[in-house]
């Protein structure tokens, strides 16, 4: 009955081909407009999986108490000069606080608390080194403090040059600063001096960091809600004009930046992969078919189906997500499969029958198989719909609709199109036809038994495949957000694997801390008190001694005597003279020689400069250094601090408004391997089941995905097998169709293990798809197997060639995904490409051999040489 309906439909299309094509064109234009207008992508990746679980509730409770940790962006300012880094961070934070797009901006660098108590947070050994540097610079700083002009500094330098004693280390360490002050005086565009960095120059090549934590106002009604936040931050960074900005590096990372980068990456990857797929598809069709008529028909049907599918997606699901968006690329290869089969069948019959008769015959004989293939493919895609994996469920609905749309477009557009064209050239057999014919005639049983052996071997390899639970595995590791996050983790500044617990009191927090530290998997357990200086008592003693030692800097009486330009010039010239004299008439050490040369260079250039330049030189030294002296006096007078002394914004990140207290635990082991991550997480959860953090979320989400994976495979295999039984009416044939699919699934999993590309939240769709898509090849082979009388007739029919070409067209779209920089899309492309290649080989080589050997309907004539 279905065949008669197809024949009637084809006759209707053929006899009204112009009207059919016109209606298709109008409808495609309308649907395309609808798809563009309604296009929407859901960028809230937290909604990809339904998380109605206890661990999710614990996390939500944590965010309710400490909302500062939800949906954050980090601005990371780094550089080799710590004070420059701090000043840029302070200035940028001030700019950001004026923006309406941000709910909160937290910058530790902007806190007076840390400015005053910075010495308390240092290790005693490092603090003593710092005090020694101050002691060395004491004469220089005292000269600054004693005079509002440059006079005392110049007189100090002259005295040092005239003295027979060695030049002190303190003066040597400021020589570069004096040179920079001169350069800035002569060139206003020159970068100003960071005197604190000059006085406390760090030992070795160190990089210093300051972080600004930002929470923006997200609007998930927009296609890219995070782009408003990211763009606002980027603009603020670009507009910032702090003079030290060029000396630091400013980057973005954090949850919002990572999610935004993933969405943008996914969309860009879809565009790139789609373009590549269209080009590769064209070359495949030209190479495989070599008929302009057939290629045009196949290409046009693909574009019509793609537009209809996009409209179907917006009318049903209403949005794309970072996973479902790739189906638009996959459709480029999948959508042409049906058109390839029908076009090649028509080409085969057109050389024997009249055009209209050949079209009707082709649709009638191949239509049921096409519909069945579309149905089984749809089942493969729909297998994730009953699972909590909403992201793949949405993709399944869109893809299933796309497969059925492709069948309808093929059975409508192809007959209408060919009704307007002349007959195509004669179909050429598969280029390996003779070899495959001899192979199946002479070695069918051997191939069948080797196939069984391959199943066993591939199954062993498949058993070693692993699942990557990390949600970060889908993100581009070379992106700024990911590379910066990794750098912060490597430096121990930020870790994505910290677990958090909310204690009702400080006493409970301390108890949990002790329990955590008893676990071998815990490196560090912190409570709010641990954010106070660890060596307060010892450091306070050092600071007390330092205050006495350096008192001359702060107790000096400032001279107010006017400093005339003539006196200034005279002192400069005198300094240059005595410095040059010391350089030529003594034998200074190498360090002193460098210092003296710098002084000669500075004195000579200032002596030859105008009065304005000399005044500017003084301004570059005296006011900023007096400011640093004031800060130094304040920092040296630091007193012991308690939690109540912390800035409120910092305190609220440790103790909530309801006095709930955070306890954090970081791992002592490498938790990248899934087993180690699970061991760390379960060990911590054994103390209390209300710990939360990325390890708990990743494992919880991963377990949901794995369960969804097995559920999808079961549903796909069960549904497809039932349809095969109903259609083929043979248990043997149905099982034989499944064997190449099983081998392909095993080989794909084994390859994922061999190339170290584990399953992840995106590519778990691959295995159910192999069953859904691959069964179509088996159906075509079985159907043609029962319509032919020999291996030669089967192999030389259009079916093996159509199977081969349809797999190549599928490879065009799946292979194009391999060019994606989005790791999820890339991994789907690699594994699907592997699967399709394996499927093509096992379907064309192994399935006919299995049919000739085991099918209950096979007859001796089928394996004889014709």
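Residue numbers (this note's numbering): 329 to 1194. Cβ atoms here follow ideal geometry from the backbone N, Cα and C, with glycine treated the same way.
- Ranked by Cα distance from residue 882, the options 827, 508 and 960 are led by 960.
- The Cβ atoms of residue 639 and residue 752 lie no closer than 8 Å to each other.
- Residue 359 sits close to residue 636, with the two beta carbons spaced by under 8 Å.
- In terms of CA proximity to residue 1106, 1134 leads the group 495, 504, 1134 and 1089.
- Under the three-state reduction of DSSP, residue 674 is assigned to helix.
- Here residue 618 is exposed, its C-beta having fewer than 16 other C-beta atoms within 10 Å.
- Between residue 432 and residue 543 the beta-carbon gap is near 5 Å, inside 8 Å, which marks them as a contact.
- With a 10 Å radius around the Cβ and a threshold of 16 neighbouring Cβ atoms, residue 526 comes out buried.
- Cα atoms of residue 706 and residue 627: separation of roughly 22 Å, rounded to the nearest angstrom.
- In the three-state DSSP reduction, residue 736 falls in the helix class (H, G or I).
- A Cβ-Cβ distance of about 5 Å is found for the pair residue 612 and residue 1136, placing them in contact under the 8 Å criterion.
- Looking at 950, 1020 and 1140, the one whose alpha-carbon comes closest to that of residue 506 is 950.
- Beta-bridge annotation (DSSP): residue 543 is paired with 400 and 432.
- The secondary-structure analysis by DSSP pairs residue 407 across a beta bridge with 536.
- No Cβ-Cβ contact shorter than 8 Å links residue 1023 with residue 850.
- Relative to the Cα of residue 369, the nearest Cα in the group 896, 641, 689 and 581 belongs to 641.
- DSSP places residue 577 in the strand class (E or B) of the three-state scheme.
- Straight across, the Cα-Cα distance linking residue 748 with residue 1032 is about 53 Å.
- Of 1082, 465, 1029 and 559, the smallest CA-CA separation from residue 800 is found for 1029.
- Put simply, the backbone Cα of residue 1058 is about 48 Å away from that of residue 365.
- Every beta strand (DSSP E) stretch that sits fully inside the segment 821–880 and reaches 3 residues is listed by chain position as 827–831 and 850–854.
- Where residue 1158 is concerned, the enclosing alpha helix (DSSP H) starts and stops at 1151–1169.
- Inter-segment contact for the segment 1082–1095 and the segment 1153–1164 is present: three or more beta-carbon pairs are separated by less than 8 Å.
- DSSP places residue 1087 in the strand class (E or B) of the three-state scheme.
- Annotated as distal: residue 598 and residue 745, with beta-carbon spacing of 8 Å or more.
- With a cutoff of 8 Å on beta-carbon distance, residue 1174 and residue 830 are scored as not near each other.
- An exposed status is given to residue 343, since fewer than 16 other beta-carbon atoms sit within 10 Å of its beta-carbon.
- Going by DSSP, residue 990 is part of the beta strand (DSSP E) stretching over 989–995.
- Annotation for residue 696: the continuous alpha helix (DSSP H) segment containing it runs 683–710.
- Contact between the segment 1013–1027 and the segment 858–869 is absent, with fewer than three C-beta pairs closer than 8 Å.
- With respect to residue 930, residue 510 sits close: the two C-beta atoms are nearer than 8 Å.
- About 4 Å separates the beta carbons of residue 984 and residue 393, which is inside the 8 Å limit, making them a contact pair.
- Taking the CA atoms as reference points, residue 823 sits about 34 Å from residue 521.
- DSSP places residue 427 outside any alpha helix (DSSP H), giving it a letter other than H or E.
- Per DSSP, residue 1002 has no beta bridge partner at all.
- In the structure shown, residue 983 adopts extended strand secondary structure according to DSSP, grouped into three states.
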